[in-house]
Amino acid sequence: MSLVENVEGHHASGSVSVAANGNSRASELHATLAKLKAAQRKQGAPDYDTRIEHLDKLEQMLVSKKHEIAKAIGMDFGVRSPHESLIAEVMVTVNAVKHARAHLHEWMETEPREVSWMFLPGRAEVVMQPVGVVGIISPWNYPVNLALGPLVSALAAGNRAFIKPSDLVPDTGELLKKLIAETFASDHVTVVTGGVDVAEAFSQLPFDHLVFTGSTRLGKVVMRAAAENLVPVTLELGGKSPAIVGESFSIAQAAQKIMMGKCFNAGQTCIAPDYVMVPKGRADAFVEECRAAFAAMYPRMLGNPDYTAIINDRHYDRLQATLKDARDRGAKIVELNPAKEDLDPNARKMAPQLVLHAKDDSILMQDEIFGPILPIRTYETLDDAIAYVNDHPRPLALYFFDHDQRRIDKILRETISGGVAINETLIHFAQDDLPFGGVGASGMGHYHAREGFEAFTKKKPVFYQSRINGTKLLRPPYGKNIDFALKMLLGK
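Numbering-wise (the numbering used here), the sequence shown opens with residue 28 and increments by one.
Laid out in structure tokens, this is it:
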């Protein structure tokens with residue numbers, strides 16, 4: 028299966044299949060990677076001061092070009108909230124740079140380890156070594172943060188990087204290519220843009236580590252391609268992230284936070300609440316509170332720069348088809364449209380849709396939604412809610428709204444997800460000292476925080492033998508001395 032066969036993946040990193048001119052583009056990519064690897068071998072691991080310089084350059088680039096970045100993303104989306112771009116693409120990435128810079132000395136330190144008593148007075152340690160060249164395949168939904176966030180970890184760890192942005196955001200991709208070329212040497216960090224042939228060839232390169240952010244289906248394809256060269260992968264995928272409202276939690280407060288998480292970037296977020304579970308008998312109240320919460324944030328959608336459009340016609344049509352499938356199966360759909368506006372499909376602004384009584388076998392409840400559609404389910408007991416979550420693939424995020432620590436502990440203990448936020452949505456991603464990553468179908472590996480540094484670091488074990496040692500006992504010919512030692516260690 029080629030990546031292009033899965034181009035419908037909701038946050039796929041563009042289409043990726045070998046085209047007629049694939050061989051020539053593949054050769055160019057191999058040559059670029061060879062250049063990066065040659066520089067890595069020649070110059071070796073950068074020291075602390077050099078890595079700080081690299082991080083400083085990245086921060087300066089982001090801050091000085093923040094409005095250009097927001098403008099380019101807006102051009103690709105049609106309408107992308109400039110404030111959302113400045114918050115999610117620039118601010119979050121800059122904060123990650125600052126965190127890495129503040130902790131880099133600690134992360135880089137060699138770790139002393141214990142030596143077994145029989146090998147004393149030797150000593151042991153773990154040395155932090157860059158893996159080499161990190162490949163980054165980034166998606167369209169947060170095209171700057173999800174390209175440069177992994178880059179922060181890669182640079183902190185002393186690596187070089189090769190980035191392939193999604194071809195669904197061409198203006199942003201070309202801007203990234205330009206800005207990176209102006210900021211870093213071409214044998215240190217480089218960006219390649221392109222479509223089908225470039226993306227597939229890129230995923231097949233013999234990187235020292237490959238990061239992919241996209242759909243679960245495409246993640247499998249990328250992992251297969253990487254396996255041909257035994258390239259370790261970090262897969263940041265997706266899934267259906269549940270939001271569970273506890274029985275004693277304010278429905279109004281839960282609705283406000285869930286609608287914020289669902290409507291940020293028009294729901295085109297891998298950790299957006301995908302569906303909500305509320306106590307039985309409270310679904311209607313939750314619908315009304317969602318209506319009020321949305322109206323407070325977006326009294327109008329037309330002409331409102333704060334409300335983001337769907338990325339393209341194909342994804343808009345996919346969302347409409349998902350709604351139709353749910354409706355045809357008997358679901359009740361409630362549109363949130365405070366000003367009763369007539370939204371032009373050609374503009375791709377889509378009003379949030381709350382869906383009640385969706386069938387479990389509907390597209391809505393089977394596939395990640397990746398848009399402003401929110402199914403609402405009810406549960407009788409917390410055990411029922413937990414069982415429903417555990418009966419499905421492990422999600423990238425889980426949100427639980429409750430103030431009772433016993434119930435919170437129960438959720439944390441009895442469910443498995445990539446990450447959790449209690450009484451909030453999305454914000455765990457922006458915690459600079461927390462790792463970010465999925466589990467099972469929602470991904471593998473981490474970046475962010477120390478775990479990101481370690482993901483792109485070879486933790487090299489080193490043993491130093493002392494001049495005085497007893498290892499001659501381990502060499503043949505074996506005799507009475509080793510027999511005595513074994514008897515003392517293992518018994519008769």
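In this text, a Cβ means the ideal position worked out from N, Cα and C, and glycines have one as well. Here the structure is a predicted model, which means the values were calculated and not measured.
Valine 238 is classed as buried because its beta carbon has at least 16 other beta carbons within 10 Å across all chains shown. In the structure shown, glycine 446 falls within a strand segment according to DSSP collapsed to helix, strand and coil. Here leucine 381 carries a strand assignment [DSSP, helix/strand/coil]. Restricting attention to His126, Pro157, Val124 and Gly149, the CA atom closest to the CA of aspartate 74 is found in Pro157. Bounds of the beta strand (DSSP E) holding glutamine 156 are 150 to 157. Only residues of its own chain outside the window of five on either side were considered, and among them Leu182 have a CB closer than 6 Å to the CB of histidine 81, listed in chain order.
Bounds of any beta strand (DSSP E) do not take in histidine 94; it lies within the alpha helix (DSSP H) bounded by 93 to 104.
Residue pairing of valine 238 in beta bridges, as defined by DSSP: Ile163 and Thr261.
DSSP places leucine 409 within a helical segment (H, G or I) once states are collapsed to three.
Assigned with DSSP and collapsed to three states, methionine 88 falls in helix.
Residue environment analysis places leucine 501 among the exposed positions, since fewer than 16 neighbouring C-beta atoms fall within 10 angstroms of its C-beta.
Under DSSP, valine 361 forms a beta bridge with Leu381. Taken in chain order, the unbroken stretches of alpha helix (DSSP H) that lie wholly in the region 166 to 240 and span 4 residues or more are 172 to 183, 197 to 210 and 223 to 230. If you compare the alpha carbons of Gly149, Leu409 and Cys290 with that of aspartate 301, the shortest gap goes to Cys290. In the DSSP assignment, isoleucine 271 is bridged to Met304 and Phe427. Collapsing the DSSP output to three states places glycine 470 in a strand.
Classified as buried, alanine 412 has 16 or more neighbouring CB atoms from the shown chains inside 10 Å of its CB. The region 259 to 268 makes contact with the region 420 to 427: 3 or more CB pairs, one atom from each, lie closer than 8 Å. Burial is judged here by how many other beta carbons sit within 10 angstroms of a residue's own beta carbon; phenylalanine 511 has fewer than 16 and is exposed. In the structure shown, the three-state DSSP call for leucine 346 is helix. Taken through DSSP and simplified to helix, strand or coil, glutamate 481 comes out as helix. Distance from the CA atom of leucine 63 to the CA atom of valine 219, rounded to whole angstroms, is 13 Å.
A direct Cα-Cα distance of roughly 28 Å separates phenylalanine 146 from glutamate 133. Counting along the chain, no alpha helix (DSSP H) covers glutamate 451, and no H or E run does either. In this structure lysine 507 is exposed. Its beta-carbon is surrounded by fewer than 16 other beta-carbon atoms within 10 angstroms.
Between alanine 226 and valine 179, the C-beta gap is not smaller than 7 Å, which leaves the two residues out of contact. Secondary structure note for glutamate 138: its beta strand (DSSP E) is the uninterrupted segment 138 to 140. Burial is judged here by how many other beta carbons sit within 10 angstroms of a residue's own beta carbon; serine 444 has at least 16 and is buried.
With contact defined as three or more Cβ pairs closer than 8 Å, the region 483 to 500 and the region 453 to 472 are not in contact.
Shown here, phenylalanine 490 sits in a strand according to DSSP, grouped into three states.
Arginine 404 carries a strand assignment under DSSP once its states are collapsed to helix, strand and coil. Arginine 318: member of the alpha helix (DSSP H) spanning 310 to 324, first to last residue.
Ranked by Cα distance from asparagine 168, the first of Asn186, Glu116, Gly149 and Thr452 is Glu116. Alanine 72 has its alpha-carbon roughly 20 Å from the corresponding atom of leucine 175. Taking a 10 Å sphere around the C-beta of proline 372, we find fewer than 16 other C-beta atoms and assign the residue as exposed.
For glutamate 133, the uninterrupted alpha helix (DSSP H) segment begins and ends at 119 to 135.
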